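Structure record follows, encoded as structure tokens.
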Amino acid sequence: MLRALVLKLTQARWFQRLATGRLGWVVASRFVAGEHLDDAIRVAKTLDGQKISTILCHLGENVTAPEHATDAVAHYLRALERIRIEPFLDLGISVKLTQLGLDFSKELCIANMERLLEAASDAGTLVMIDIESSAYVDRTVAVFHELRTRHERVGLALQTYLRRTPRDVDALPPGSVIRLVKGAYLEPPEVAFTTRREVDTAFAQLTATLLSRGHVVHVATHDPQLLDGTVAYVERRGLPWTQVEFQMLLGVRRDLQKRLADGGYPVRVYVPYGTEWYPYLTRRMAERPANMWFFASNLVRFGR
0 MLRALVLKLT QARWFQRLAT GRLGWVVASR FVAGEHLDDA IRVAKTLDGQ KISTILCHLG
60 ENVTAPEHAT DAVAHYLRAL ERIRIEPFLD LGISVKLTQL GLDFSKELCI ANMERLLEAA
120 SDAGTLVMID IESSAYVDRT VAVFHELRTR HERVGLALQT YLRRTPRDVD ALPPGSVIRL
180 VKGAYLEPPE VAFTTRREVD TAFAQLTATL LSRGHVVHVA THDPQLLDGT VAYVERRGLP
240 WTQVEFQMLL GVRRDLQKRL ADGGYPVRVY VPYGTEWYPY LTRRMAERPA NMWFFASNLV
300 RFGR
């Protein structure tokens, strides 16, 4: 219910005008590195000094023409080249398939992903596929499965609030790299769990299932109970920490990021950048009411 209210508010034109104006960017810059690749690399270097790795995401989705998908590929190729020549930084990239042409055809999207995966192999890094709303999950999972037959350096995000996700986990190829997230899109109750307890229970169960089957799991949450539960499970089972990584969002629960990194656990921060930052910001506000409060209260403070 709260997520629906927040998403409805952020879609209002008056709120969009306020949020995307000068004052809005002052606040949003906590969660978004900037508009350019150089901004993201600068943030990655700062995080590296804190023993935290980075995954870069050039914001944008649902491109409206095939040539825009080509532009997105060109940008990511430049990013992968930067990663190749920054050997002391642990960097990866994360992409949305609708940014790469999935709305036009699966074939176009796969061809674009193939180019990125070849460059990622040269750079020695991983390309993670972001998961989008439920309308795209079937096609996204199918693209991942096809690419995985030819490429090792590709991973997939899965959402624990979707009722279908256990079936998707059962169908994964051996040794998959999976980013597990709670989910931030507004979905009907027949598609997604509606209570925090259900989502958290699914998250813990799916984490254990993935780890027990030998998959590499990127535990992407800011929930201390789920984080501590994962640490306890890994240590109880004697699993290698190369099989697990904690992922968090830029600007969110920096105290937890520091605590885990200082404790010697593998931590990676999702660093978004680009001009298309508003849809990303609305999902972060819907995901955690604290983010909405931070954004609104600081708009008032900076606007005085």
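With the first letter of the sequence shown counted as 1, position 150 gets the number 149 in numbering that gives the first Met the number 0; the numbers rise by one all the way through. Built from N, CA and C at the ideal position, the CB exists for glycine as well. Note that the structure is a prediction, hence the values are computed from the model and not measured.
According to DSSP, residues forming a beta bridge with residue i
i, result
"MET112", "Answer by DSSP bridge pairing: none, since MET112 is not bridged."
"ILE128", "VAL94, LEU155"
"ARG77", "None; ARG77 has no bridge partner."
"HIS35", "According to DSSP, which records beta bridges pairwise, HIS35 is partnered with nothing at all."
"HIS217", "ARG178, GLU244"
"SER52", "ARG267"
"ALA183", "Beta-bridge pairing links ALA183 to no other residue."
"ALA64", "Looking at the DSSP assignment, ALA64 forms no beta bridge with any residue, so it has no partner."
"HIS57", "TYR272"
"ALA191", "LEU161"
Pair within 9 Å by beta-carbon distance, residue i and residue j
i, j, result
"LEU58", "GLU197", "no"
"GLY182", "ALA170", "no"
"LEU157", "LEU99", "no"
"ILE82", "ILE92", "yes"
"GLN246", "ALA219", "yes"
"PRO187", "HIS144", "no"
"LEU155", "MET127", "yes"
"THR53", "LEU90", "yes"
"ALA266", "ILE51", "According to the sequence as given, residue 266 is Val; it is not Ala. For VAL266 and ILE51, yes; Cβs fall inside 9 Å."
"LEU226", "LEU259", "yes"
Own chain, CB closer than 8 Å to residue i, minus 5 neighbours either side, in chain order
i, result
"ARG303", "Note that ARG303 has pLDDT 44, beneath the 50 cutoff, so the model's placement of it is unreliable and the number below is only indicative. Contacts found: none."
"LEU210", "VAL216, TYR232, VAL233, ARG236, LEU238, GLN242, VAL243"
"LEU79", "ILE92, LEU115, ALA118, ALA119, ASP121, ALA122, THR124"
"ARG147", "VAL153, PRO172, SER175"
"TYR135", "LEU96, THR97, LEU101"
"ILE109", "VAL142, GLU145, LEU146"
"GLN49", "GLN256, LYS257, ALA260"
Among the options, nearest to residue i - alpha-carbon criterion
i, options, result
"ALA223", "ALA141, ASP199, ASP121", "The identity of residue 223 in the sequence shown is Pro, whereas the question assumes Ala. Of the listed residues, the one whose Cα sits closest to PRO223 is ASP199."
"GLY250", "TYR135, VAL72, HIS221", "HIS221"
"PHE103", "VAL62, GLY91, GLN246, VAL140", "VAL62"
"LEU116", "TYR279, ALA73, ILE130, ARG138", "ALA73"
"PHE87", "PRO172, VAL266, LEU259, LYS44", "LYS44"
"GLU60", "LYS50, SER132, GLY33, GLN49", "SER132"
"ILE177", "ILE40, CYS108, ALA207", "ALA207"
"TRP240", "HIS214, ARG252, ASP254", "HIS214"
"LEU161", "HIS150, PHE202, GLY174", "PHE202"
"THR194", "LEU179, ARG163, THR159, GLY228", "THR159"
"LEU46", "ARG253, THR281, TYR277", "ARG253"
"VAL168", "ASP137, GLU151, HIS150", "ASP137"
"SER248", "ASP261, VAL268, ASP129, THR281", "The residue asked about is misnamed: residue 248 is Leu in this sequence, not Ser. Considering only alpha carbons, the answer is VAL268."
"LEU179", "GLU151, THR229, HIS150, ARG149", "THR229"
Nonlocal neighbours in the same chain, by C-beta distance under 7 Å from residue i, ignoring five residues either side
i, result
"TYR75", "HIS57, ILE92, VAL94, LEU115"
"ARG212", "none"
"ASP38", "ALA32, TYR272"
Other residues of its chain near residue i: CB distance less than 6 Å, five sequence neighbours each side excluded
i, result
"GLY33", "TYR272"
"TYR184", "SER132"
"TYR279", "LEU58, PRO271"
Stretch-stretch touch, CB-based, cutoff 8 Å, three pairs: the region 65-79 with the region 90-105: Touching, yes.
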